[in-house]
Amino acid sequence: MRALIAAEIYKLLRQGKTYFALAAIFLIEGVILISAYYQGSNIIDILLDNLKQSFYFEGNLLNGNLLIYLILNTLWFHVPLILMIIISGILTSEYKDGTIQTVMLQPVSKWKFLLSKYIVAIIFTLIVVFFLALTSFGLSYSIFGFGDLIVYLDTLNFFSSSEAFYRLSWSFASGAVSMVFFSIVSLTLAVIFKEATKTWIIAAFFLILSNLLLKVDFGNYWVNRLFFVKLNDTWQYLFYTEIDWSGIYWNNLLLIIYSMIFIAFGLYLFNKKDIG
Amino acid sequence: MIIAGNDLSKSYRSVKVLNKVNISCSAGEICGLLGSNGAGKTTLFKILCGLVSPDNGTIEINSKGPKPIGAIIEKPALYDYLNAYQNLKIFGKIQGAQIDDNSLVECLVKVGLPLDRKDPVGNFSMGMKQRLGIAIALLNDPACLVLDEPFSGLDPLGIASLRKLILDLAEKEKMAILLSSHIIDELSKVSTTLYVISNGKIVESGPTQRIINENTDTYTFCASNISSSKVLGKYTTVIKGNCASVQITQEKVPELIQELFNEEIYITSCTPELNMEKLFELSAK
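Chains as they are written, first to last, in the working numbering: chain S, 1 to 276; chain C, 277 to 561.
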């Protein structure tokens, strides 16, 4: 199993498309930082003109914490979409090139082969989110400095600089669980659809639908509480004045359980299906 | 017997792709599977290799090694972004084969791949990919090698060297080799036993030469001045360029060659033309 995982990591790192996708994620981060550097101050001033007359804000509001929060918001769509493309590609490319057949012609267990891909998908996703967090903290603080964080969630919430750092860090951690969920779903979709374009379209559709349904009230407490689409904004819970830690633990636990269900379903399908 | 498929059947929706197929191959034996496109050759091989489950029938494999069968089905599918050595290494790694660097180099040499090619296999010719595919199939010493259309897409030199490799593996390493083709010429040169498949049924099986003899009523003779022959007038003959297709029985072939020699027509090749229609007619019965 360890050899399979090592082989999967090796293959992922040897493919040019992996680096293109990673470059895309960090390019988005760069664009956010550059835009903020040249235009951000004006926008913040317009938005907060009235508030500034009533409140005292310590430091510049266009600061590292706000930029990290803006980068964090790429977890809504940009980051999971790119992750889904990369992760589903680790299986669809094997179908396209026929290498899955060559692998299955070796004495390799089907479920171990796919499980190793799921494990690599999880590791890769966590590393990407970790580096996204690391670079966003590093670049944002070094370019824009420290200061209070202002976030609009139902109402305007203000956090001191040290409080903001704490909340942003945990938000990335919680967001990583959500990203892992989307990565796992994309790999399961690749098991079902096999072909790259179909898988990408369905994965993008899944992501959009999840984001849309997040705002829908299903009129039933348990559906609203347990349905996976309702769990993907947990990383935003960190930006309410009072942090609902039990809600965060519960939602992330549920997302992990959903991820495991998707893995089990993918393994079952893959084992059942003929190759070729 | 190393590998055997007994009463194998497979349908895709309403289409019966295989119908009670029996096939077997022993150590050191080269079994050819002859059939036109869509006859069921690839499906049969996929079933034998465990890629596809049969609807009915059983597969017997008499090998206690970690890898009973090595195979290439349809085409040698490789990681195009890796070089030959890296491909071999990664396929060795995923199956847990204890292979050191020297053994990997030996594998490449065994199949006749140049060691100085360090570029990705995406740049390789089909022949080189085929060789690398065989090297991967041979990892972990399988007792049986299954090759689906191994000669397609190869140039004459590639075909000749692959043929030599297959013959060596059967003769020297006593490997059971199953290979398919729709080209009888290639199968006749390597296989000792021939299975003929048509519409998902084995319509003929037995020693290759016997099947060829029984189903050949035309031979093609080539010589530079063959069109000047008078002897050929005794037979139903079609002359095209330097070759003549002659309807003749196998027993009469040596006599005709002698007669042509007497006419100072020196034959450079004599190829039996298998009557595929006659052979496949059996499936309709």
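Ideal Cβ placement from N, Cα and C applies to all residues, glycine included.
Quantities reported herein were computed from a predicted structural model and do not represent experimental measurements.
So who's on the other strand from residue i, going by DSSP bridges?
{"i": "residue 347 of chain C", "result": "C:422"}
{"i": "residue 523 of chain C", "result": "C:494"}
{"i": "residue 161 of chain S", "result": "According to DSSP, which records beta bridges pairwise, residue 161 of chain S is partnered with nothing at all."}
{"i": "residue 300 of chain C", "result": "C:280"}
{"i": "residue 237 of chain S", "result": "The partner list for residue 237 of chain S (beta bridge, DSSP) is empty, contrary to what the question assumes."}
{"i": "residue 434 of chain C", "result": "In DSSP, residue 434 of chain C forms no bridge with anything."}
{"i": "residue 288 of chain C", "result": "C:291"}
{"i": "residue 545 of chain C", "result": "C:498"}
{"i": "residue 335 of chain C", "result": "C:281"}
{"i": "residue 471 of chain C", "result": "C:309 and C:481"}
{"i": "residue 564 of chain C", "result": "Past the boundaries of the shown model lies residue 564 of chain C; chain C is included only from 277 to 561, so the question cannot be answered."}
{"i": "residue 229 of chain S", "result": "Bridge partners of residue 229 of chain S: none, in fact."}
{"i": "residue 457 of chain C", "result": "C:310"}
{"i": "residue 12 of chain S", "result": "Per DSSP, none; premise fails for residue 12 of chain S."}
{"i": "residue 156 of chain S", "result": "S:152"}
{"i": "residue 550 of chain C", "result": "C:492"}
Are residue i and residue j touching if we call contact CB-CB under 8 Å?
{"i": "residue 320 of chain C", "j": "residue 354 of chain C", "result": "no"}
{"i": "residue 457 of chain C", "j": "residue 310 of chain C", "result": "yes"}
{"i": "residue 75 of chain S", "j": "residue 138 of chain S", "result": "no"}
{"i": "residue 492 of chain C", "j": "residue 521 of chain C", "result": "no"}
{"i": "residue 248 of chain S", "j": "residue 116 of chain S", "result": "no"}
{"i": "residue 199 of chain S", "j": "residue 207 of chain S", "result": "no"}
{"i": "residue 69 of chain S", "j": "residue 153 of chain S", "result": "no"}
{"i": "residue 371 of chain C", "j": "residue 343 of chain C", "result": "yes"}
{"i": "residue 276 of chain S", "j": "residue 328 of chain C", "result": "yes"}
{"i": "residue 120 of chain S", "j": "residue 238 of chain S", "result": "no"}
{"i": "residue 349 of chain C", "j": "residue 337 of chain C", "result": "no"}
{"i": "residue 145 of chain S", "j": "residue 64 of chain S", "result": "yes"}
{"i": "residue 224 of chain S", "j": "residue 215 of chain S", "result": "no"}
{"i": "residue 114 of chain S", "j": "residue 267 of chain S", "result": "yes"}
{"i": "residue 396 of chain C", "j": "residue 364 of chain C", "result": "no"}
{"i": "residue 438 of chain C", "j": "residue 430 of chain C", "result": "yes"}
{"i": "residue 21 of chain S", "j": "residue 96 of chain S", "result": "no"}
{"i": "residue 452 of chain C", "j": "residue 303 of chain C", "result": "yes"}
{"i": "residue 191 of chain S", "j": "residue 125 of chain S", "result": "no"}
{"i": "residue 306 of chain C", "j": "residue 467 of chain C", "result": "yes"}
{"i": "residue 87 of chain S", "j": "residue 178 of chain S", "result": "no"}
Where do the N-terminal and C-terminal ends of the alpha helix (DSSP H) with residue i fall, by residue?
{"i": "residue 142 of chain S", "result": "110 to 144"}
{"i": "residue 533 of chain C", "result": "529 to 538"}
{"i": "residue 387 of chain C", "result": "It is not in any alpha helix (DSSP H) - residue 387 of chain C carries neither H nor E in the DSSP assignment."}
{"i": "residue 369 of chain C", "result": "360 to 370"}
{"i": "residue 258 of chain S", "result": "245 to 272"}
{"i": "residue 412 of chain C", "result": "402 to 414"}
{"i": "residue 101 of chain S", "result": "99 to 104"}
{"i": "residue 210 of chain S", "result": "196 to 214"}
Tell me where the beta strand (DSSP E) around residue i begins and ends.
{"i": "residue 477 of chain C", "result": "477 to 483"}
{"i": "residue 513 of chain C", "result": "513 to 516"}
{"i": "residue 19 of chain S", "result": "That residue, residue 19 of chain S, is in no beta strand (DSSP E); its alpha helix (DSSP H) goes 16 to 35."}
{"i": "residue 149 of chain S", "result": "149 to 153"}
Should residue i be counted as a contact of the ligand ATP given a C-beta to heavy atom distance under 7 Å?
{"i": "residue 234 of chain S", "result": "Of the ligands one can find in the structure shown there are none, so the ligand ATP has no counterpart to examine."}
Task: Residues from the segment 75 to 102 of chain S in contact with chain C, defined by Cβ distance under 7 Å - done: Hits within the stretch, in order: 97, 98, 99, 101 and 102.
Task: Short-range partners of chain S found in the segment 378 to 401 of chain C, where Cβ spacing is below 7 Å - done: Among the residues of the segment 378 to 401 of chain C, none has a Cβ less than 7 Å away from any Cβ of chain S.
TODO: Select from the segment 105 to 126 of chain S all residues with a C-beta closer than 8 Å to any C-beta belonging to chain C, and list them in chain order.
DONE: From the segment 105 to 126 of chain S, only 105, 106, 107, 108 and 113 have a Cβ closer than 8 Å to chain C.
Task: Entirely enclosed alpha helix (DSSP H) segments - the segment 303 to 329 of chain C, minimum 4 residues - done: 317 to 324, all fully within the segment 303 to 329 of chain C.
Open item on the list: Using a Cβ-Cβ cutoff of 8 Å, what residues of the segment 403 to 430 of chain C are near chain S? List them in chain order.
Closed with: Of all residues in the segment 403 to 430 of chain C, only 409, 412, 413, 415 and 416 place a beta-carbon less than 8 Å from a beta-carbon of chain S.
TODO: Select from the segment 324 to 336 of chain C all residues with a C-beta closer than 7 Å to any C-beta belonging to chain S, and list them in chain order.
DONE: Among the residues of the segment 324 to 336 of chain C, those with a Cβ less than 7 Å away from any Cβ of chain S are 325, 327, 328 and 329, in the order of the chain.
Open item on the list: So if I threshold CB-CB distances at 8 Å, which residues from the segment 5 to 35 of chain S count as touching chain C?
Closed with: Result list: 6, 7, 10, 11, 14, 15 and 16.
Task: Chain-ordered residues of the segment 182 to 193 of chain S with a beta carbon less than 7 Å from chain C - done: Legend: CB atoms of the segment 182 to 193 of chain S lying less than 7 Å from CB atoms of chain C are not found in any residue.
Open item on the list: Any C-beta of chain S within less than 9 Å: which residues of the segment 289 to 315 of chain C qualify?
Closed with: So nothing in the stretch comes that close.
Open item on the list: Can you pull out the residues from the segment 509 to 527 of chain C whose beta carbon lies closer than 8 Å to at least one beta carbon of chain S?
Closed with: Under the 8 Å Cβ criterion, the segment 509 to 527 of chain C contributes no residue.
TODO: Within the segment 60 to 100 of chain S, note down every full alpha helix (DSSP H) run reaching 4 residues or more, in order along the chain.
DONE: Listed in chain order, the alpha helix (DSSP H) runs fully inside the segment 60 to 100 of chain S are 64 to 72 and 78 to 97, counting runs of at least 4 residues.
- [ ] Report the residues of the segment 362 to 376 of chain C with a CB closer than 7 Å to any CB of chain S, ordered along the chain.
- [x] Cβ contacts with chain S: 366, 367, 369, 370, 371 and 372.
Open item on the list: Closer than 9 Å between beta carbons: that is the criterion. Which residues of the segment 428 to 453 of chain C meet it against chain S?
Closed with: Residues of the segment 428 to 453 of chain C whose Cβ lies closer than 9 Å to any Cβ of chain S: none.
Open item on the list: Closer than 9 Å between beta carbons: that is the criterion. Which residues of the segment 243 to 275 of chain S meet it against chain C?
Closed with: Per Cβ criterion, the list reads 274 and 275.
- [ ] Using a Cβ-Cβ cut-off of less than 7 Å, give me the residues of the segment 458 to 492 of chain C that come near chain S, in sequence order.
- [x] None of the residues of the segment 458 to 492 of chain C has a beta carbon lying less than 7 Å from any beta carbon of chain S.
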